[in-house]
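J.: Structure provided below as structure tokens; questions to follow.
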Amino acid sequence: YITEKLYLPLVHGLVPIVWGGSNYKDFLPPGSFIDARKYHPKDLAHLLMELKNDPVQYGRYHVWRKFWKAKLRGSMCELCHKLHKNIKPKHYQDIETFRKKNGRCIRPAKGMFKGGNWPKYIGMDHSVL
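The following block contains the structure:
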């Protein structure tokens, strides 16, 4: 499920940090985002600190801007596009069964939510930003 909120950071010159079930490579320019699902919270915090302190490494997330420009279409444009697109409606009686059949449930990284992991990273003495 993708909304315009995914694109807002790109429009404003930022790097989105995503966590979800979508294949973001299908929606965002290559190398333009950080997929938090690929990192343990501690590793993600370290990556963000490295990016904060290393403009060259951070700049790699913006190379795509040499070739593309991030723009948002207005909601009326989106409505018009959807109204003129021939899409067959879908209906699911039981969304839980549908998700299980299609393997769309996302499991957190191993050990991520086990007792005591998050407080170590949330209660740090300094911000990760």
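Each residue of the sequence shown is one higher than the one before, starting from 1109 at the first, in the working numbering. Virtual Cβ for every residue (Gly too), placed ideally from N, Cα, C.
Is phenylalanine 1135 closer than 8 Å to leucine 1114 when the C-beta atoms are compared?
T.: Cβ atoms of leucine 1114 and phenylalanine 1135: closer than 8 Å.
J.: Does aspartate 1134 come out as helix, strand or coil in the three-state DSSP assignment?
T.: Helix, per DSSP.
J.: Among Pro1149, Arg1168, Val1126, which one has its Cα closest to the Cα of isoleucine 1142?
T.: When only C-alpha atoms are compared, the closest one is Val1126.
J.: In its own chain, which residues sit with a C-beta less than 7 Å from the C-beta of glutamate 1112, not counting the 5 before and 5 after it?
T.: Leu1180, listed in sequence order.
J.: Starting from aspartate 1143, follow its DSSP beta bridges and name the residues at the other end.
T.: Aspartate 1143 is bridged to Val1126.
J.: Which of the three DSSP states is assigned to glycine 1167 in this structure?
T.: Helix at glycine 1167.
J.: Output needed for arginine 1168: all residues of its chain with C-beta closer than 8 Å, excluding positions within five of it in sequence on either side, in chain order.
T.: Correct list, in chain order: Gly1139.
J.: Between histidine 1192 and methionine 1184, what straight-line distance do the alpha-carbon atoms span, to the nearest angstrom?
T.: Between histidine 1192 and methionine 1184, the C-alpha separation is close to 12 Å.
J.: Can you tell me whether leucine 1116 is buried or exposed, with buried defined as 16 or more other CB within 10 angstroms of its CB?
T.: Leucine 1116 is exposed by the Cβ-count criterion.
J.: When the Cα atoms are used, what is the spatial distance from tyrosine 1133 to valine 1171?
T.: Note on identity: in this sequence residue 1133 is lysine, with tyrosine being the wrong assignment. Distance between the alpha carbons of lysine 1133 and valine 1171: 15 Å.
J.: When you compare only the Cα positions, how much space is there between tyrosine 1147 and glutamate 1158?
T.: Looking at the two C-alpha atoms, the distance is approximately 14 Å.
J.: Does the Cβ of histidine 1234 have 16 or more other Cβ atoms within 10 Å, making it buried, or fewer, making it exposed?
T.: Because histidine 1234 sits at a pLDDT of 44, beneath the cut-off of 50, its placement in the model cannot be relied upon, and the following sentence gives the value as read from the coordinates. Per the 10 Å Cβ criterion, exposed.
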